[in-house]
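These notes concern the structure reproduced below.
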Amino acid sequence: MTAKQSKILIIIPLYNHGKTVLDVIERCKKIHKDILVIDDGSTDLKKNHFKNINIKLIRHDRNLGKGAAIITAAREASKLGMTHIVTIDADLQHNPEEFILFKEAILNSPETLYVGKRDFSSSAIPGASKFGRSFSNFWFRIQTGHSISDAQSGFRAYPIFVLENLTLSEQHYSFEVEVLVKAAWAGVTIKDIDISVHYPPPEKRISHFKLFWDNMRLTHLNTKLTLRSFLPIPHKKIINKNTQKFTIFKPLKSIRIFLANNLSPCHIAISGAMGIFLGTLPLIALHTLVILLVAGFFKFNKIVAVGASQLCMPPVVPALCIETGYFLTHDNTFLTDISFETIGNQGLERLFEWFLGSLIIAPVLSFLSFITLFLIATAISILNKTNDEY
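Each number in the numbering used here comes from the position in the sequence shown (counting from 1) with 489 added on.
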């Protein structure tokens, strides 16, 4: 898709915002001609509410949810030959004139999904909105390993091919979280655009966010997405990118692959060192889960981290930790009797020694692995650049 081929349709999802939607429409018409209103079963609209307003309108017979409205809009936009939709809320929270920021961004990078980052510096911003944004941003980072500034913003630009190729199940507010996570998994680039935001006084605010049910939907969705992110099953890709394959049996080849994917030697080394550090701890049956969680939050490379942690599998590293712990707790003597009694009957004691020893061994091994990976990755990077010059 090229910038010249991009055709944008403004989408205004509507549910019981009859008093403000006309103002939003008029302001949008001043800057863009292609506008679609999706009335999601509103009950506050007067007869001929949209009379003499030259825009396209689609109405749901009953309230299906914001996600359902956006999907309906995307299907209609595709029929009209559009390539992108830009969603603007009907309650005047967003500034329609800032559509131009999204239009310019789309022309610059048509395959990117853009999300408006609302300016929350005003004292009028509700505390619940600030918390909700931080909460969603946190889980997005855990689930994808990427950062986003406003996962709950409704001012967005979607490439239609993204919505057409993702498997989406949410129909309500939770849709806006689901689509971001699955788009990131699918290789879609997601970027922020700074926007303003308007919140009227509390007595004039109209919100259709159902505190209990929508929070339950978000909790259920985040649980599903988080568990799915831990599974070692590749996600469906709709943007072709080089596939990362890491194996401890071919470390040099693996490092070359990651360098080709624009990972720096330092990032590779830090990711591997983190995997070694956590792999050394006695997190029995939880190593991979914890490594994926930490790597996702701190934006380390999950594949490098999990791959490096395999070097800590029994028996060598656990035995080294147990010996160190035993040495510290038994008057500087080593455990020399390996039997069913020392390993089985005294299992809890050995587990404590493993934990104690790992507090010393883990930093040492992770430091050594960082130095080793950094030097190797740097050397390979230099060789690759030298070869490219010739």
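Ideal placement from N, C-alpha and C gives every residue a C-beta, glycine not left out.
How would you write the range of the alpha helix (DSSP H) that residue i sits in, first residue to last?
i	result
Ile649	649-654
Asp512	507-518
Tyr815	805-818
Thr561	555-568
Val670	664-674
Ala794	791-798
DSSP state of residue i, grouped into three classes?
i	result
His756	helix
Lys545	strand
Leu845	helix
Thr715	helix
Ala646	strand
His573	strand
Pro852	helix
Lys680	strand
Val526	strand
Leu498	strand
Leu710	helix
Leu503	strand
Asn704	helix
Glu659	coil
Arg839	helix
Leu862	helix
Ala762	helix
Ser870	helix
Thr769	helix
Tyr879	Residue placement at Tyr879 is poorly supported in this model, since its pLDDT is 45, which falls under 50; the coordinates still yield a value, given next. Tyr879: coil per DSSP, three-state reduction.
Leu534	coil
Leu857	helix
Ile727	coil
Would you check if the distance between the CB atom of residue i and the CB atom of residue j is smaller than 8 Å?
i	j	result
Ser663	Leu710	yes
Leu498	Ile574	yes
Ile757	Ala866	yes
Ile524	Ile544	yes
Phe889	Gly814	With the chain represented from 490 up to 879, any question about residue 889 goes unanswered, as that position is not in the structure.
Val783	Leu772	no
Leu602	Ala646	yes
Thr825	Phe816	no
Gly846	Cys801	no
Met571	Ile649	yes
Ile679	His635	yes
Asp550	Gly530	yes
Tyr504	Gln582	no
Asn626	Ile614	no
Pro754	Phe863	yes
Leu652	Ala563	yes
Lys791	Leu781	yes
Phe881	Ala762	Examination of residue 881 is not possible in this model, given that the chain is present from 490 through 879 alone.
Asp608	His661	no
Thr715	Ile631	yes
Ile727	Asn654	yes
His776	Ser798	yes
Val510	Ile501	yes
If residue i and residue j are in contact, beta carbons under 8 Å, what's the gap, nearest whole angstrom?
i	j	result
Asp681	Asp639	7 Å
Gly764	Val793	7 Å
Thr712	Trp674	Their Cβ separation, rounded to whole angstroms, is 16 Å, which puts Thr712 and Trp674 out of contact at 8 Å.
Lys592	Asp683	Rounded, the Cβ-Cβ distance is 15 Å, inconsistent with contact.
Ile514	Ile542	6 Å
Ser718	Gly785	7 Å
Pro460	Ser495	Beyond the ends of the chain as shown, which are 490 and 879, falls residue 460; an answer cannot be given.
Gly554	Asp533	Contact doesn't hold; Cβ gap of about 17 Å is too wide.
Gly556	Glu659	5 Å
Glu667	Leu657	6 Å
Taking the beta strand (DSSP E) that residue i belongs to, which residues open and close that run?
i	result
Ile780	It is not in any beta strand (DSSP E) - Ile780 instead sits in the alpha helix (DSSP H) that spans 776-787.
Is the shortest distance between the beta-carbon of residue i and the beta-carbons of chain D less than 8 Å?
i	result
Ala613	Protein chain content of the structure displayed is limited to a single chain, and chain D is not contained in it.
Identify every run of the beta strand (DSSP E) within the stretch 582-637, keeping only runs that are complete inside it and at least 3 residues long; order them along the chain. 602-607
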